[in-house]
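Here is the structure we will look at.
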Amino acid sequence: MRTAAPPRWPGPGILVIPPLVFVVIMFAVPLVQLAQLSLRPSDAFNRLLDGFTTENFRRVLSEPYFADSISYTVVNSAVVTLACAVIAFPLSWVITRTSRRWLKVLVFMVVISPMLTSVVVRSYGWRIVLSSEGPVNSALLGLGLVEQPLALLTSRAGSVISIVHVLLPFFVLMLNSTLKALDESVLRAAQALGAGPIRRLMQVILPLSVPGFVGGAIVVFSLSMGIYVTPLLIGGVNQPLGGLRVYTQVMTSFDYPTAAALSFVLLAISLIVAGLLSAVQLVGGKRIHG
Amino acid sequence: MERDIRLMPSDVTIRNLGVGYGEHEVLSLDELTVDPGEFLSILGPSGCGKTTLLNAIGGFVQPSRGTITVGGRDITALPSHRRGLGVVFQNYALFPHLSVAGNVGYGLRVRGDDRARRESRVAEMLELVGLSAYADRRPNQLSGGQQQRVALARGLAISPDVLLLDEPLSNLDAQLRRQMRVELREIQEALGTTMIFVTHDQDEALSMSDRVALFHDGRQEQIGTPEEIYRRPRTRFVADFMGAANLLRGTVVDDSLIDVEGEHLPVRTARRPGTTVDVALRREQIILDADPAAGPPVGVRGTVHMRSFSGSHWEFVLTTTKGVRLTAEVPDRPGSDWSAPEVGREVGISWRQDVPHVLEAVSP
Numbered sequence: 013m014r015t016a017a018p019p020r021w022p023g024p025g026i027l028v029i030p031p032l033v034f035v036v037i038m039f040a041v042p043l044v045q046l047a048q049l050s051l052r053p054s055d056a057f058n059r060l061l062d063g064f065t066t067e068n069f070r071r072v073l074s075e076p077y078f079a080d081s082i083s084y085t086v087v088n089s090a091v092v093t094l095a096c097a098v099i100a101f102p103l104s105w106v107i108t109r110t111s112r113r114w115l116k117v118l119v120f121m122v123v124i125s126p127m128l129t130s131v132v133v134r135s136y137g138w139r140i141v142l143s144s145e146g147p148v149n150s151a152l153l154g155l156g157l158v159e160q161p162l163a164l165l166t167s168r169a170g171s172v173i174s175i176v177h178v179l180l181p182f183f184v185l186m187l188n189s190t191l192k193a194l195d196e197s198v199l200r201a202a203q204a205l206g207a208g209p210i211r212r213l214m215q216v217i218l219p220l221s222v223p224g225f226v227g228g229a230i231v232v233f234s235l236s237m238g239i240y241v242t243p244l245l246i247g248g249v250n251q252p253l254g255g256l257r258v259y260t261q262v263m264t265s266f267d268y269p270t271a272a273a274l275s276f277v278l279l280a281i282s283l284i285v286a287g288l289l290s291a292v293q294l295v296g297g298k299r300i301h302g
Numbered sequence: 002m003e004r005d006i007r008l009m010p011s012d013v014t015i016r017n018l019g020v021g022y023g024e025h026e027v028l029s030l031d032e033l034t035v036d037p038g039e040f041l042s043i044l045g046p047s048g049c050g051k052t053t054l055l056n057a058i059g060g061f062v063q064p065s066r067g068t069i070t071v072g073g074r075d076i077t078a079l080p081s082h083r084r085g086l087g088v089v090f091q092n093y094a095l096f097p098h099l100s101v102a103g104n105v106g107y108g109l110r111v112r113g114d115d116r117a118r119r120e121s122r123v124a125e126m127l128e129l130v131g132l133s134a135y136a137d138r139r140p141n142q143l144s145g146g147q148q149q150r151v152a153l154a155r156g157l158a159i160s161p162d163v164l165l166l167d168e169p170l171s172n173l174d175a176q177l178r179r180q181m182r183v184e185l186r187e188i189q190e191a192l193g194t195t196m197i198f199v200t201h202d203q204d205e206a207l208s209m210s211d212r213v214a215l216f217h218d219g220r221q222e223q224i225g226t227p228e229e230i231y232r233r234p235r236t237r238f239v240a241d242f243m244g245a246a247n248l249l250r251g252t253v254v255d256d257s258l259i260d261v262e263g264e265h266l267p268v269r270t271a272r273r274p275g276t277t278v279d280v281a282l283r284r285e286q287i288i289l290d291a292d293p294a295a296g297p298p299v300g301v302r303g304t305v306h307m308r309s310f311s312g313s314h315w316e317f318v319l320t321t322t323k324g325v326r327l328t329a330e331v332p333d334r335p336g337s338d339w340s341a342p343e344v345g346r347e348v349g350i351s352w353r354q355d356v357p358h359v360l361e362a363v364s365p
C-alpha cells in the first residue's frame, strides 16, 4: 500500500529565480526606460515633453556630429577586435599549452593585469607613456625618426592601443577555454600525417579555435562599441567616439533623449554584429558538432 | 586489388634508447627489433613505458640517448612530420572539422597528391575498413568503432613504413573490441604493414601478435611469441602479469622435486640441487584427485580452503599439509558423477610433472 505522495520539490530550476529577478531589475527595467526616453520629445532647453517622436533617432543618424561618431566607433571597434584576436592567440596558446608552469602563470598575470588595476591608474599610466615628453616620443625623437613629438594621446592610434590593452583579457579568457579543449592527440595525428607547424596552425588549430575567436570577438566588439572612460581619460572628450558623444550629451547638454537614442543605435549595431558572428559559429559548429 | 595496396614493409631497430635522465629515466631499452611486416605488441601495466616508447618512435618525445631506425633510415633526429609513420590513437583523434574522406585523405593532401589520386586512395582505404558509405559523414556522426576504423584508414592511407597503434581498442566495448581484433589483424595481413601495437590487455596482445614485448618499470622484461610469453615467463613479473596464479619460491631438491616451505612438490628441473628458484603454476594445470581423470600420483595432500563457482569453472583455494597455498581452477562437469569437493574436504593435489615452469630469473 502506498501513502500519499509527499509534496513535490519544484526541482533545482527554482534556484534560477533570484538571479533572474536581479537581472530583470538591474538590466531589463533600465533598458526599457531608456527606450522610452529615446522616443520622448524635448524642448529647446532639453526639458522633456510628453508625447512620442522619432526625431531623436533622425538627429542621431543624420547629423554628422553623431552619425560620423557612429561610423568612427564601428571602425574603431573592428580594428580593436582584430588587434585583440591577433595578440590574444599567441598569449592564450602559451597560457593553455605550455608545460612550463611559471611561464603560464606569468603570461596570465600580465594579460589580466589591466582587469586588476583601477581605470584611473591604468589610464594615467598610458598618458605618461604616450605624452609628448613620454618614453615613446623620447625614443622616437632620440632615434631621429620624428622631428616633433607626435600627438599620440589624441591620435586614433593612441585610443586604439589603450582600448586593446583594456579589452585584451576578455579575448584571451574566451580563447583559453577553446584552446584548452584542443586535443593534443589530434595535433599529433596531423603531425604524423606530415603536417609541419604552419599547416597544423592553419589547417587544424585555427579551424578548431573558431568558437573561441567568435566568443572573444563578440565580447570585445560589444565592449568596445560602448567604451568611454579610458578614451576620455587618455585622449579627451573630443574624439568622435560614440560613447564619448553619449557622455557629452548627458553631462554637458543634458540632452537625455538624444543620448538615449545614440546609445540604442550603438547597442543595435553591437547586437547585429554579435548575431552575425554567432551565425558564423552556428554554421561552422554544425559542421563540427552536427 | 590487394596486390596494389601492399607495400614493402619496413623493419624497425631500436638501440640503446633512453627517455628522460638519471632517476627520471622513464624508458630504458637496450635493443628491440621489429621484423618487416611483423605485428608486435608492446604490453604492460600503465606507467611501464610502453606509451613513451611509442611516442619516441612517433617523434612526440625526444629520447635522451639511442637510435631508432626504420627501414635502414635513422629517424631519431627527424621531427614527427618527416618520419612517414602512421599513428592511431586511443581516442581516435580524428579532425572534427573534416569529413571522413577529408580525414582519410589529409595525409595525402599534405603530401601534395593530386585530387584524382587522393580520391582513389581514399576510396580504396574506406573500402578496406568497410566505410565506403560514410565518406561524407562527420566524425561525430559515427560510432566509436567506426571512428576508429576511419583513424586506421587515415593512418594507412599514406602507406606508412610502420603503423603505430596506441591502445586503439581500449575505448570500445568488449564485443566490438573482439571483432576489431580480428579486423585489424586481417587488414594487417592484407597490407603487410609493420605494426607496433601498444596495449595493457594481455588477451589482446596474445591473440593478435606475432610477438609480444612485455614492459615493466620502463624496461623490457621479455620478448617472444605469445606462446613463449604465456608458457615460459622469464620473470616473476611476467608470470604474474600473464595470469599465473601460483608463484612459488623454493629450493631445488633433485631433478624432479623442489622444496617449498617444507613441502616437496614435483617439479622437473635441470637446476642444481640447493638453488633457489621461482616456479609458476597456472591454476588450470592443477588436478584434484576427486577428478575421475586424475593424473599420475605425483602430488601432495591438502584441504579445500575456499571454493567459488563461476559458471563453467570451479575455483579452489587449497592449503597443503605444510601450509602452501595454491589456487586451482577445475571445469565444472554437470551430469557426471563428479562433484566439487566442499570446503574442509581433504583432497589430492597433482599436476603433470613437466608443466610447472621454473623461471629463468629469480627476482629479489
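In order, the protein sequence lines correspond to chains A and B.
When we follow the working numbering, the leftmost residue of the first sequence carries the number 13, and every step to the right adds one.
When we follow the working numbering, the leftmost residue of the second sequence carries the number 2, and every step to the right adds one.
We put the beta carbon where it would ideally sit given N, CA and C, even for glycine.
Treat the numbers as computed from the prediction; the structure is a model and nothing was measured.
Beta-carbon proximity of serine 171 of chain A to asparagine 88 of chain A, cut-off 9 Å: yes
Completely contained alpha helix (DSSP H) runs for the stretch 164–206 of chain A, where each covers 4 or more residues: 168–193 and 196–204
Minimum Cβ-Cβ distance from arginine 168 of chain A to chain B less than 9 Å: no
Chain-order list of residues whose beta-carbon lies under 7 Å from that of valine 254 of chain B (same chain, five-residue window excluded): Asp260, His265 and Pro274
Reference serine 236 of chain A, options A/Leu46, A/Leu180, A/Asp80 and A/Lys116, closest by Cα: A/Leu180
Cβ contact (3+ pairs, closer than 8 Å) linking the stretch 154–169 of chain B and the stretch 89–100 of chain B: yes
3 or more residues per run - each beta strand (DSSP E) lying fully within the stretch 311–342 of chain B: 314–321 and 326–332
Partners in chain A for serine 81 of chain B, counting only beta-carbon separations shorter than 8 Å: Arg200, Gln203 and Ala204
9 Å Cβ cutoff, arginine 211 of chain A in contact with chain B: yes
Three-state secondary structure assigned by DSSP to histidine 201 of chain B: coil
Selected residue, minimal CA-CA separation from arginine 112 of chain B, among A/Val198, A/Val132, A/Pro223 and A/Ala204: A/Ala204
Collapsed DSSP secondary structure at leucine 33 of chain B in the structure displayed: strand
Interfacial residues, the stretch 345–364 of chain B to chain A, with Cβ spacing under 8 Å: none
Spatially closest choice to glycine 45 of chain B from B/Glu222, B/Trp339 and B/Thr276, by CA coordinates: B/Glu222
9 Å Cβ cutoff, valine 226 of chain A in contact with chain B: no
CB contact flag (leucine 33 of chain B, threonine 53 of chain B, <9 Å): no
Exposure label - proline 126 of chain A; buried when at least 16 CB within 10 Å: buried
Own chain residues within Cβ distance below 7 Å of isoleucine 230 of chain B, not counting five before or after: Val213, Leu215, Gln223, Val239 and Met243
DSSP three-state assignment for arginine 66 of chain B, whether helix, strand or coil: strand
Proximal chain A residues relative to isoleucine 288 of chain B, where beta-carbon distance stays under 7 Å: Within 7 Å Cβ-Cβ: nothing; isoleucine 288 of chain B doesn't reach chain A, min ~49 Å.
Any alpha helix (DSSP H) of 4 or more consecutive residues that is wholly inside the stretch 41–108 of chain B: 51–59 and 101–105
Residues that leucine 249 of chain B bridges to, as DSSP identifies them: B/Val280
Members of the stretch 25–39 of chain B near chain A, C-beta cut-off 7 Å: none
Within chain B, the residues that serine 197 of chain A reaches when beta carbons sit closer than 7 Å: Phe90, Asn92 and Ala94
Minimum length 3: unbroken beta strand (DSSP E) runs contained in the stretch 144–177 of chain B: 163–167
Residues that valine 111 of chain B contacts on chain A, provided the C-beta gap is smaller than 9 Å: Ala202, Leu205, Gly206, Ala207, Gly208, Arg211 and Gln215
Three-way DSSP call (helix, strand, coil) for alanine 56 of chain A in this model: coil
Per-residue burial, aspartate 196 of chain B [other beta carbons within 10 Å of its own, 16 or more giving buried]: Note on residue identity: the sequence assigns methionine, not aspartate, to residue 196 of chain B. By the 10 Å Cβ count, methionine 196 of chain B comes out buried.
Alpha helix (DSSP H) segment containing leucine 235 of chain A, residue limits: 218–238
Integer Cβ distance of leucine 143 of chain B from valine 151 of chain B, believed to fall under 8 Å: 7 Å
Residues, ordered as in the chain, of the stretch 51–73 of chain B that lie near chain A by beta-carbon distance below 7 Å: Gly59 and Phe61
Length of the line joining the Cα atoms of leucine 207 of chain B and arginine 250 of chain B: 26 Å
Same chain only: Cβ atoms within 7 Å of isoleucine 281 of chain A, ignoring 5 sequence neighbours per side: Val86 and Met237
Three-state secondary structure (DSSP) of arginine 273 of chain B: coil
Residue-level contact to chain A via CB, arginine 283 of chain B, 9 Å cutoff: no
Any chain E beta carbon closer than 9 Å to proline 219 of chain A: The chain labelled as chain E is not found among the protein chains of the depicted structure, namely A and B.
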